[in-house]
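Participant: If you're matching positions, the sequence shown starts at 35 in the numbering used here and goes up one per residue. Below is the structure I would like to discuss, written out as structure tokens.
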Amino acid sequence: LGNRQRTRTTIMKKDFAPFWNYKTSFDITHIWQVFSATIMHSRKLSQTHKDDYTIGMIHVPVGDILHWRGVVKDADGMFKAYQFLEDEGEFRICKEEGASTQAVFDTAEQAAYSYDKALEKKEKAILNFSGDDRTTLGQHIIEQSFSLTGEDGAPVVGVQMGNNASCRLLLKYFSSNFNYLEIHLDRGSDFPKMDAGLGTADPYCVLNVVGDWGTYPFKSKIVRNSLDPEFGQTFRLAVPLDANTVKMTIDTYDWDRFDEDDLIGSATIDLTRLLQSPAANLNGSVALHLKDKGDVVSARGTQSKLHFRYTMTLDEEFAEKLRRSTASDGDASQSEPEELAAESWRESGDEVTPIHSHRTNSEEPAARVAFDEIEAAS
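In structure tokens, the structure reads:
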């Protein structure tokens, strides 16, 4: 970063497609700082050396992590979404579905959804609320493969001629103005057979998360030919500190290539307890239902379910106020105040494990970027 914070991964030996799964974090003072990753070749397999040379680099402005893709805020406070038309070499404002005029929106989320609707049928388009090739979607996050550039700014060609070398990164931004809720859609179980003759299904989920501050229409990836689909996706929300309620409605569909997708079942989960008591354990399964038909069951007669986990990461000052409020009610923890002030809670099974929250002191960094280097290709 621009404030000279640095870290190094381990050395991957003799590998043209290394998988690091390396995690770290940096303190951010300004959103115009730039995150940079330099991929190096080590001349020694056991340690770095002064003669190591650069393979390629990636540069990501921190501000890009904060903003919805394609969304711009005008001087009047309204939002627009722009798509780039490669054939014409220009940007065009995305229009609201069915509208004849250029779309202007009250919220960034509405503009982001308009952007998705405009590009959802384009191959390899990176969308805001859906993505089959991404593990994490949502606010203040980027997960994508970035092409490497050399020190001269030219693309780096991989071992296969014609393919540019790339590195896949997952970047999360933690602002001092928000708490963060991550909804982990792990899997489904015991789905009914939806495809005649094949005895299987191609399920995906539409998650409509509604808080008293906004609405977020996420869509999971499609899992082909499975009655026990493994989704393995996370949906991330930046929750205002004064938020009071949040509910999630899930509609699960069977994807069809030629016909309209069929509804498998629906469910509703009230997540408000996570805002009121972040240590609350809501992890578990939810049964699918069909209106006027009752529970959805598999061919074996077992109930069809979706399995979720949740992570709440609290702003440090918010966590401190919550600790004091709990203490005043006679339920204070025995932990030291200095430790509690830097805690939030991550739920895992029946256990609740603390994770560090982000700073709010104006004398200290205003936010934090967590970096998860996933893999490189070519």
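All C-beta atoms in this analysis are idealised placements derived from N, C-alpha and C, irrespective of residue type, glycine included.
Please check the pair I176 and L219, which I expect to be a contact at CB under 8 Å, by giving their CB distance rounded to whole angstroms.
Facilitator: At roughly 20 Å, the Cβ-Cβ gap does not stay under 8 Å, so I176 and L219 are not in contact.
Participant: Classify R77 as buried or exposed, calling it buried when 16 or more other Cβ atoms lie within 10 Å of its own Cβ.
Facilitator: It is exposed - the Cβ of R77 has fewer than 16 other Cβ atoms within 10 Å.
Participant: Output needed for E385: all residues of its chain with C-beta closer than 6 Å, excluding positions within five of it in sequence on either side, in chain order.
Facilitator: Caution is warranted here: a pLDDT of 34 is assigned to E385, below 50, making its placement in the model unreliable, and no coordinate value can be reported.
Participant: Looking only at C-alpha atoms, which of Q39, T41, W54 sits nearest to C201?
Facilitator: Among Q39, T41, W54, the Cα nearest to that of C201 belongs to W54.
Participant: List the endpoints of the continuous alpha helix (DSSP H) containing V96.
Facilitator: 96-100 is the span of the alpha helix (DSSP H), which, as asked, contains V96.
Participant: Of all the options S311, G90, G248, which has the alpha carbon lying nearest to the alpha carbon of K355?
Facilitator: Nearest C-alpha to K355: S311.
Participant: Classify K158 as buried or exposed, calling it buried when 16 or more other Cβ atoms lie within 10 Å of its own Cβ.
Facilitator: Exposed, because fewer than 16 other Cβ atoms sit within 10 Å of the Cβ of K158.
Participant: What is the residue span of the beta strand (DSSP E) that D108 lies within?
Facilitator: Where D108 is concerned, there is no enclosing beta strand (DSSP E), given that its DSSP letter is neither H nor E.
Participant: On a CA-only basis, which of K325, G299, D349 is nearest S332? Give me that one, please.
Facilitator: Minimum Cα distance to S332 is reached at G299.
Participant: Excluding the 5 residues preceding and the 5 following R402 in the sequence, name in chain order all residues of the same chain whose CB lies nearer than 8 Å to its CB.
Facilitator: Closer than 8 Å at the Cβ level, and outside the excluded window around R402, lie S59, F60, D61, I62, Y207, F208, H392, R393.
Participant: In the DSSP assignment, find the beta strand (DSSP E) that holds E294 and state where it starts and stops.
Facilitator: Unbroken run through E294: none, as it is neither H nor E.
Participant: Taking all protein chains shown into account, do 16 or more other C-beta atoms lie within 10 angstroms of the C-beta of G172, making it buried, or fewer, making it exposed?
Facilitator: Buried is the call here.
Participant: Output the boundary residues of the alpha helix (DSSP H) element that contains R334.
Facilitator: Counting along the chain, R334 falls outside any alpha helix (DSSP H), and DSSP gives it neither H nor E.
Participant: From this set, F265, C128, F69, which residue's C-alpha is nearest I92's C-alpha?
Facilitator: Closest by alpha carbon: F69.
Participant: Pick helix, strand or coil for D329, following the three-state DSSP scheme.
Facilitator: In the structure shown, D329 sits in a strand (DSSP, three-state: E or B).
Participant: Can you check the region 146-202 for any beta strand (DSSP E) of at least 3 residues that lies completely inside it and give the ranges in chain order?
Facilitator: Runs of the beta strand (DSSP E) inside the region 146-202: 170-172, 175-181.
Participant: Across which residues does DSSP place D229 in a beta bridge pair?
Facilitator: Paired residues: T234.
Participant: Which of the three DSSP states, helix, strand or coil, is assigned to E351?
Facilitator: Three-state result, E351: helix.
Participant: Compare the C-alpha of V94 against each of P52, K255, F265, L203 and name the closest.
Facilitator: Minimum Cα distance to V94 is reached at L203.
Participant: Which of the three DSSP states, helix, strand or coil, is assigned to L356?
Facilitator: In the structure shown, L356 sits in a helix (DSSP, three-state: H, G or I).
Participant: To the nearest angstrom, report how far apart K114 and D108 are at their CA atoms.
Facilitator: Computed Cα separation, rounded: 7 Å.
Participant: Quick one: what's got a C-beta closer than 6 Å to W102's C-beta in the same chain, skipping five residues either side?
Facilitator: Contacts found: A142, A146, N162.
Participant: Based on the DSSP secondary-structure assignment, which residues constitute the bridge partners of V244?
Facilitator: In the DSSP output, where bridge partners are listed per residue, V244 has T249, K281.
Participant: Could you name the residues of the same chain whose beta carbon sits closer than 8 Å to that of S319, not counting the 5 residues immediately before and after it, in chain order?
Facilitator: Around S319: S223, K339, L340, H341, F342.
Participant: Between A277 and D246, how many whole angstroms is the CB-CB distance? I'm expecting something under 8 Å.
Facilitator: At roughly 6 Å, the Cβ-Cβ gap stays under 8 Å, so A277 and D246 are in contact.
Participant: Please classify D140: is it buried, with 16 or more other beta-carbons within 10 angstroms of its beta-carbon, or exposed?
Facilitator: Exposed.
Participant: Between the C-alpha atoms of M112 and D98, what's the straight-line distance to the nearest angstrom?
Facilitator: So the alpha carbons of these two residues sit roughly 19 Å apart.
Participant: Any C-beta of chain C sitting closer than 8 Å to the C-beta of K84?
Facilitator: Among the protein chains of the structure shown there is no chain C, as only one such chain exists.
Participant: With distance defined between alpha-carbon atoms, name the residue in L215, G123, S148, S254 nearest to R270.
Facilitator: Answer by Cα proximity: L215.
Participant: H174: buried (16+ other C-beta within 10 angstroms of its C-beta) or exposed?
Facilitator: Flag for H174 reads buried.
Participant: Exposed or buried, what is P189 when buried is set at 16 or more other beta-carbons lying within 10 Å of its beta-carbon?
Facilitator: With fewer than 16 other Cβ atoms within 10 Å, it is exposed.
Participant: Does the beta-carbon of A51 have 16 or more other beta-carbons within 10 angstroms, so that it is buried, or is it exposed?
Facilitator: Exposed, since its Cβ has fewer than 16 Cβ neighbours within 10 Å.
Participant: Counting pairs of beta carbons, one from the region 346-362 and one from the region 238-256, are three or more of them closer than 8 Å?
Facilitator: No: the two stretches stay apart, fewer than three of their Cβ pairs being nearer than 8 Å.
Participant: So Y344 and L308 are supposed to be a Cβ contact under 8 Å. How far apart are they, rounded?
Facilitator: Contact flag correct, Cβ pair sits at about 6 Å.
Participant: According to the Cβ coordinates, are K281 and F265 closer than 8 Å?
Facilitator: Not closer than 8 Å, so no.
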